[in-house]
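**Student:** My questions will all concern the structure given below.
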Amino acid sequence: MSDKTNGTEHNEQFEQLSVEEQRQILQKYDPESNTRDLQGIMLKVVFFGLLAFSLFQLYTAIFGQYTAYLQRSIHLGFALSLIFLLFPAIKKGNKTKRRIPFYDYILSLLSIGVGSYWPIMADELYYRVGNVTTLDLVVGILAVLLTLEATRRAVGMPITVIATAFLAYAFFGPYFPGFLAHRGQDLESLVQLMFFTTDGILGTPLSVSATFIFVFLLFGAFLVKTGVGQYFNDLAVAFAGHLIGGPAKVAIFSSALQGTISGSSVANVVTSGSYTIPMMKKLGYKKEFAGGVEAAASTGGQLMPPIMGAAAFLMVEFIGGIQYWDIAKAAAIPALLYFTGIWIMTHFEAKRLGLRGLSKEEMPDRKAVLKKIYLLLPIVGIIFFLLNGVPTMRAALYGILLTIIVSAFNKATRLSFKDMIEALVDGARTALAVAAATAAAGIIVGVVVKTGLGLSLANGLVSASGGNILLTLFFTMLAAIVLGMGSPTTANYVITSTIAAPAVITLLMLDLPEGASVPIAIALSAHLFVFYFGIVADITPPVALAAFAASGVSGGDPIRTGFVSAKLAIAAFIIPYMFVLSPELLMIDTTIPQLIWVLITAISGMISIGAGMIGYWYRQVKWYERILAVGAGILLIYPEGISDTIGLTLFLSLFAIQYFTRDKSHDKKKAIPVV
17 MSDKTNGTEH
27 NEQFEQLSVE
37 EQRQILQKYD
47 PESNTRDLQG
57 IMLKVVFFGL
67 LAFSLFQLYT
77 AIFGQYTAYL
87 QRSIHLGFAL
97 SLIFLLFPAI
107 KKGNKTKRRI
117 PFYDYILSLL
127 SIGVGSYWPI
137 MADELYYRVG
147 NVTTLDLVVG
157 ILAVLLTLEA
167 TRRAVGMPIT
177 VIATAFLAYA
187 FFGPYFPGFL
197 AHRGQDLESL
207 VQLMFFTTDG
217 ILGTPLSVSA
227 TFIFVFLLFG
237 AFLVKTGVGQ
247 YFNDLAVAFA
257 GHLIGGPAKV
267 AIFSSALQGT
277 ISGSSVANVV
287 TSGSYTIPMM
297 KKLGYKKEFA
307 GGVEAAASTG
317 GQLMPPIMGA
327 AAFLMVEFIG
337 GIQYWDIAKA
347 AAIPALLYFT
357 GIWIMTHFEA
367 KRLGLRGLSK
377 EEMPDRKAVL
387 KKIYLLLPIV
397 GIIFFLLNGV
407 PTMRAALYGI
417 LLTIIVSAFN
427 KATRLSFKDM
437 IEALVDGART
447 ALAVAAATAA
457 AGIIVGVVVK
467 TGLGLSLANG
477 LVSASGGNIL
487 LTLFFTMLAA
497 IVLGMGSPTT
507 ANYVITSTIA
517 APAVITLLML
527 DLPEGASVPI
537 AIALSAHLFV
547 FYFGIVADIT
557 PPVALAAFAA
567 SGVSGGDPIR
577 TGFVSAKLAI
587 AAFIIPYMFV
597 LSPELLMIDT
607 TIPQLIWVLI
617 TAISGMISIG
627 AGMIGYWYRQ
637 VKWYERILAV
647 GAGILLIYPE
657 GISDTIGLTL
667 FLSLFAIQYF
677 TRDKSHDKKK
687 AIPVV
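Residue numbers in the sequence shown follow our numbering, run continuously in steps of one, and reach 691 at the last position.
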């Protein structure tokens with residue numbers, strides 16, 4: 017790796033990627049980062065456009081939102097018009113990276129027109145609701161086309177193709193076979209659905225983007241300005257760097273923390289990985305393993321409460337009758353088990369290779385690191401506010417205010433007026449792709465609602481599995497992974513929850529009386545199930561964007577890195593089955609003693625699975641011991657009396673055999689010096 021410091025402070029101990037190298041990797045694997053390098057007057061125009069976007073969102077968050085149509089259409093107009101100025105139509109080898117071609121000015125102006133249509137025509141549109149004029153039809157068609165093109169540029173092709181396919185499905189319904197057939201929609205009714213109701217582009221997904229998500233993205237942008245991202249790395253090194261295989265554990269620790277403010281697995285990989293991957297390679301981990309650790313840990317950041325890649329806000333709206341904190345609480349144990357699994361496997365890999373932790377010379381001064389612990393207060397504050405019933409958007413506003421106050425504790429972290437303006441601009445820039453993705457996701461949701469496709473697919477999946485719950489979950493898992501490939505977290509969740517979650521809910525409702533409302537436990541477990549598998553699509557070959565980005569940092573083979581990251585994240589492929597079958601893992605209707613027992617057995621299960629997957633515990637694990645270890649782990653994770661008893665017996669037996677037959681000279685023979 018080249019020794020560039022271009023814009024970054026060079027670490028004397030380990031080579032890190034320069035800012036330019038990070039930008040190049042992000043642009044290659046993350047469509048949200050592939051923006052124009054604007055100059056002159058247009059740079060200022062876009063800057064003030066982004067600032068105006070943030071100020072509008074802050075104003076409505078503080079003083080109250082406009083009506084649904086106005087709030088969402090203005091939000092959409094801001095996002096689309098700025099996307100066409102910032103994101104080029106063609107990504108590679110084009111001259112539009114620095115200049116804006118004439119057609120993008122036209123598209124930007126049309127986007128402003130589309131976003132202004134509802135505010136200007138609101139009274140008339142309310143008066144003649146259901147009647148679409150020629151002008152309405154033109155504006156509605158433009159809204160759909162502009163949304164699709166903006167999504168292609170800012171988010172990527174996968175979700176654009178899916179949304180387009182759903183529009184085609186709505187239009188050509190009678191020509192589809194079997195249970196997929198429906199009476200179809202003509203152009204007028206389809207346009208009305210997409211832009212003149214709250215079931216299409218201006219639907220729930222965009223509503224959440226225009227309210228909760230935007231303010232939390234601003235919170236993250238303000239936090240980043242305080243230097244909290246680098247502090248996550250410093251804190252992780254201070255507490256985990258000296259442990260066996262320390263740099264890998266640093267990656268896990270820092271990525272879990274980074275996930276609290278990051279909404280992108282790929283961005284998390286590049287920002288954290290540029291620091292942690294070189295450390296892991298220098299210690300002795302292979303390139304693919306180092307990249308796999310970072311990819312798995314960074315992807316897990318999207319599963320980490322309280323933010324969860326902003327998908328938790330959507331989950332509140334989609335499930336209904338549930339508070340945001342209930343979702344964060346339910347996701348806590350699965351997230352803990354996910355990161356525990358990665359931690360354990362990196363530990364066993366380090367023991368197998370005889371790797372040490374960082375030396376004293378390579379470790380930072382722990383006291384100096386702890387002096388900046390105040391930087392975490394805004395995150396703690398957000399959790400406190402949510403725990404005490406403060407409305408979600410208000411909690412985010414308090415978090416921003418707390419960030420500004422906390423930053424003033426130290427001159428090095430203090431936010432100036434310029435920093436705050438830049439944070440507003442950065443937050444709006446991050447929100448552009450989210451707005452486009454949620455608008456496109458609204459197209460999908462609208463078609464599903466209008467055609468009844470969700471129920472049809474659910475019945476089809478249940479029928480294909482013969483009513484077998486494990487087969488239904490397996491088919492749903494495959495659907496969620498495929499649908500989640502290449503999509504950002506928010507769009508990912510909208511797609512999978514709309515198309516795949518109804519199958520799980522339908523099956524779990526079979527034993528309940530007909531017409532019964534969906535219990536919260538069933539709805540939450542189904543939605544978290546598809547959310548998990550939509551997220552792990554980022555590390556599941558062949559389309560494993562987070563793993564590919566990690567390989568760009570590590571220099572390893574992308575596909576091998578993807579398989580390593582999927583192996584390390586094995587918990588994400590097991591735990592969702594467990595919490596659907598037994599919601600105790602989600603802390604639903606669970607007592608404290610039950611919760612403690614669930615944690616003990618589940619963590620023991622992850623130790624057993626980790627040993628089986630890596631092939632090392634206290635010594636090399638033989639092939640038949642590996643099978644028994646993985647089996648024992650699965651039995652222990654599943655919270656049920658008989659399975660726990662059998663699993664614990666196997667676990668303790670394997671532990672005893674490993675411990676008393678260990679090779680005490682292994683570490684001395686295979687120790688690899690760090691420096």
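Every residue gets a Cβ at the ideal spot worked out from N, C-alpha and C, and that includes glycine. Bear in mind the structure is a predicted one, so any value in this text is a computation, not a measurement.
In its own chain, which residues sit with a C-beta less than 6 Å from the C-beta of residue 248, not counting the 5 before and 5 after it?
**Tutor:** Counting from one through the sequence shown, the residue named residue 248 turns up at place 232. Around residue 248: 270, 273, 274.
**Student:** Can you tell me which residues form a DSSP beta bridge with residue 632?
**Tutor:** Position 616 of the sequence shown, counted from the start, is the residue given in the question as residue 632. Partner(s): 636.
**Student:** Under a Cβ-count criterion, where at least 16 other Cβ atoms within 10 Å of its own Cβ denotes burial, should residue 685 be classed as buried or exposed?
**Tutor:** Numbered from 1 along the sequence shown, position 669 holds the residue referred to as residue 685. No answer about residue 685 holds up, because its pLDDT of 44 lies below 50 and its placement is not dependable.
**Student:** Should the segment 567 to 576 be called in touch with the segment 535 to 547, which here means at least 3 C-beta pairs below 8 Å?
**Tutor:** Touching, no, given that fewer than three Cβ pairs across the two stretches are closer than 8 Å.
**Student:** Ignore the nearest five residues each way along the sequence and tell me which others in residue 356's own chain have a CB closer than 7 Å to its CB.
**Tutor:** For the purposes of this step, residue 356 is taken as residue 340 along the sequence shown, with counting starting at 1. Closer than 7 Å at the Cβ level, and outside the excluded window around residue 356, lie 619, 622.
**Student:** Put residue 611 into one of helix, strand or coil per three-state DSSP.
**Tutor:** Against the sequence shown, residue 611 aligns to sequence position 595. Here residue 611 sits in helix by DSSP.
**Student:** Among the candidates 231, 473, 216, 134, whose CA atom is the shortest distance from the CA of residue 74?
**Tutor:** Translated into the one-based positions of the sequence shown, residue 74 becomes position 58. Closest by alpha carbon: 231.
**Student:** Please report the straight-line C-alpha distance between residue 413 and residue 239, rounded to a whole angstrom.
**Tutor:** Counting from 1 along the sequence shown, the entry for residue 413 is found at position 397. Counting from 1 along the sequence shown, the entry for residue 239 is found at position 223. Their Cα atoms are separated by approximately 12 Å.
**Student:** Mind checking which residues open and close the alpha helix (DSSP H) that includes residue 676?
**Tutor:** Residue 676 sits at position 660 when you count from the first residue of the sequence shown. Taken as a continuous stretch (DSSP letters only), the alpha helix (DSSP H) holding residue 676 covers 657 to 676.
**Student:** With H, G and I counted as helix, E and B as strand and the rest as coil, what does DSSP make of residue 371?
**Tutor:** As a working mapping, residue 371 is identified with position 355 in the sequence shown. Here residue 371 sits in strand by DSSP.
**Student:** Within 8 Å, do at least three Cβ pairs link the segment 342 to 355 to the segment 602 to 611?
**Tutor:** Between the segment 602 to 611 and the segment 342 to 355 there are three or more inter-stretch CB-CB distances shorter than 8 Å, so the stretches are counted as touching.
**Student:** Measuring CA to CA, which of 134, 103, 131 is closest to residue 119?
**Tutor:** Translated into positions along the sequence shown, residue 119 becomes position 103. Considering only alpha carbons, the answer is 103.
**Student:** Tell me whether residue 543 sits in a helix, a strand or coil according to DSSP, three-state version.
**Tutor:** Mapped onto the sequence shown, residue 543 falls at position 527. Residue 543 falls in the helix class under three-state DSSP.
**Student:** Run through the segment 412 to 490 for me and flag every whole beta strand (DSSP E) of 3 or more residues, listed as ranges in chain order.
**Tutor:** Correct list: empty.
**Student:** Please list, in chain order, all residues of the same chain as residue 153 whose beta carbon is under 8 Å from its beta carbon, the five residues on each side excluded.
**Tutor:** Working through the sequence shown from its first residue, we reach residue 153 at position 137. The residues are 203, 204, 207.
**Student:** Identify which residue in 461, 481, 625 has its Cα closest to the Cα of residue 664.
**Tutor:** The residue you call residue 664 lines up with position 648 of the sequence shown. Of the listed residues, the one whose Cα sits closest to residue 664 is 625.
**Student:** By how many angstroms is the C-alpha of residue 652 removed from the C-alpha of residue 435?
**Tutor:** Counting from one through the sequence shown, the residue named residue 435 turns up at place 419. Counting from one through the sequence shown, the residue named residue 652 turns up at place 636. Roughly 49 Å between the two C-alpha positions.
**Student:** Let me make sure I understand the geometry here. Which of 584, 645, 670, 99 has the alpha-carbon closest to that of residue 312?
**Tutor:** As a first step, residue 312 must be located in the sequence shown, where it is residue number 296. Taking only the C-alpha atoms, the option nearest residue 312 is 584.
**Student:** Using the C-alpha atoms, what's the distance from residue 289 back to residue 296?
**Tutor:** On the sequence shown, residue 296 is found 280 positions in, with the first residue counted as 1. On the sequence shown, residue 289 is found 273 positions in, with the first residue counted as 1. Each residue's alpha carbon lies about 10 Å from the other.
**Student:** Comparing alpha-carbon positions, which option in 101, 228, 309 lies nearest residue 564?
**Tutor:** The sequence position of residue 564 within the sequence shown is 548, counting from 1. For residue 564, the nearest C-alpha among the options comes from 309.
**Student:** For residue 351, which residues from the same chain have a beta carbon less than 6 Å from its beta carbon, with the 5 sequence-adjacent residues on both sides left out?
**Tutor:** In the sequence shown, the residue the question calls residue 351 occupies position 335. Correct list, in chain order: 319, 320.
**Student:** From residue 349 to residue 359, what does the alpha carbon distance come to, in whole angstroms?
**Tutor:** Counting from 1 along the sequence shown, the entry for residue 349 is found at position 333. Counting from 1 along the sequence shown, the entry for residue 359 is found at position 343. Spanning the two alpha carbons is a distance of roughly 15 Å.
**Student:** Any idea if residue 339 is buried or exposed, counting beta-carbon neighbours within 10 angstroms, 16 or more meaning buried?
**Tutor:** As a first step, residue 339 is located in the sequence shown; it is residue number 323 there, counting from the start. It is exposed - the Cβ of residue 339 has fewer than 16 other Cβ atoms within 10 Å.
**Student:** Using the rule of at least 16 other Cβ atoms within 10 Å of the residue's Cβ for burial, across every protein chain shown, is residue 520 buried or exposed?
**Tutor:** Here residue 520 refers to the residue found at position 504 of the sequence shown. It counts as buried.
**Student:** Near residue 196, which residues of its chain fall below 7 Å by C-beta distance, leaving aside the five closest residues on each side in sequence?
**Tutor:** Mapped onto the sequence shown, residue 196 falls at position 180. Answer for residue 196: 472, listed in chain order.
**Student:** Measuring CB atoms only, is the segment 502 to 512 touching the segment 169 to 182, in the sense that at least three cross pairs come out at less than 8 Å?
**Tutor:** yes
**Student:** Leaving out five residues before and five after residue 227 in sequence, what residues of the same chain have Cβ atoms less than 7 Å from its Cβ?
**Tutor:** Numbered from 1 along the sequence shown, position 211 holds the residue referred to as residue 227. Same-chain partners within the cutoff: 81, 409.
**Student:** Taking Cβ to Cβ, would you say residue 475 is nearer than 8 Å to residue 514?
**Tutor:** As a working mapping, residue 475 is identified with position 459 in the sequence shown. As a working mapping, residue 514 is identified with position 498 in the sequence shown. Cβ distance not < 8 Å, so residue 475 and residue 514 don't count as in contact.
**Student:** Any idea what DSSP makes of residue 592, helix, strand or coil?
**Tutor:** As a position in the sequence shown, residue 592 is number 576, starting the count at 1. In this structure, residue 592 counts as helix in the three-state DSSP scheme.
**Student:** In the structure shown, what three-state DSSP assignment does residue 43 receive?
**Tutor:** Taking the sequence shown and counting its residues from 1, the one referred to as residue 43 is at position 27. In the structure shown, residue 43 sits in a helix (DSSP, three-state: H, G or I).
**Student:** Can you check whether the CB of residue 258 is closer than 8 Å to the CB of residue 361?
**Tutor:** Along the sequence shown, one-based indexing puts residue 361 at 345. Along the sequence shown, one-based indexing puts residue 258 at 242. Against a cut-off of 8 Å, the Cβ pair of residue 258 and residue 361 comes out as no contact.
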